[in-house]
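Numbering (my numbering), first residue to last: 12 to 256. We treat Cβ as the ideally placed atom computed from N, Cα and C, and that holds for glycine. Read the structure below first, then the notes.
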Ligand code: SF4
């Protein structure tokens, strides 16, 4: 068991792309039970070291306005009940975080579109009041990043907003991210940049490209696609990564 535990601990430290490649060699028949054991082992290990809780994810919305092909929230949208996090639930979380007093970073996203929850700016403001909080960010598909919510978010001084735009062209992104419209997202980003004017909040485009073979996956990162370079130049950070088809 110790050998297995050590193997899992080494596996946990290697990059995601290499983890995916290793997984692809494991037969489906054993994969599920093996990775169930992996999760328990890693959890056990955290408890052994009694590590403080430093990072949390908060799902402020399990609803989504898109139906992306690669995402469980998009492709199996009807498979679960979906809702927006209420103020009461959020305040209960904050109460517990105050007691824990160790969380330094929060990601306000776990599938679902955070901007559907109109209380998001309030939630962010409250989290920054935690004594230990240093960094907050969230991911969005960018379709709802209109002028009003952009101004409210800028007032919170949130550290980072990641807008997902996938593929190597606007067309491909819209084919993957069903219901999205590249032009609307681009206009929302342009407006955000215009009104942010010296604000500490950074905007980043998170671009995932399909790797057609394992060799591509083993390469570190794909090139940033031309359409994003052309439309955003040096104005905002663009990070491209591979995902397996
Ligand atoms: S926008 Fe995000 S949460 Fe919604 S379906 Fe697409 S990937 Fe999933």
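Heavy atom of the ligand SF4 within 8 Å of residue 75 beta-carbon: Correct: residue 75 has its Cβ closer than 8 Å to the ligand SF4.
Whole-angstrom distance between residue 101 and residue 58, CA atom to CA atom: For residue 58, the pLDDT reaches just 48, beneath the cut-off of 50, and the residue's location in the model is therefore unreliable, leaving the point undetermined.
Member of 158, 248, 114 whose CA lies at the smallest distance from the CA of residue 142: When each option's Cα is compared against that of residue 142, the closest is 114.
Residue 197 classed as buried or exposed, judged by whether at least 16 other C-beta atoms fall within 10 angstroms: Buried, since its Cβ has 16 or more Cβ neighbours within 10 Å.
Contact between the stretch 80-88 and the stretch 182-197 (3+ Cβ pairs under 8 Å): The answer is yes - the stretch 182-197 touches the stretch 80-88, with three or more Cβ pairs under 8 Å.
Beta-carbon proximity list for residue 173, same chain, < 6 Å, skipping 5 on both sides: 150, 215, 217
Alpha helix (DSSP H) runs wholly inside the stretch 169-201, at least 4 long, in chain order: 181-187
Residue 99 - containing beta strand (DSSP E), residue span: Run containing residue 99: none in the beta strand (DSSP E); it sits in the alpha helix (DSSP H), 98-111.
Heavy atom of the ligand SF4 within 8 Å of residue 84 beta-carbon: yes
Beta-carbon proximity check, residue 152 vs residue 76, cutoff 9 Å: yes
Residue burial classification, residue 124 (beta-carbon count within 10 angstroms, cutoff 16): buried
heavy atom of the ligand FAD below 8 Å from residue 195 C-beta: For the structure depicted, the ligand FAD is absent and the ligand set comprises only the ligand SF4.
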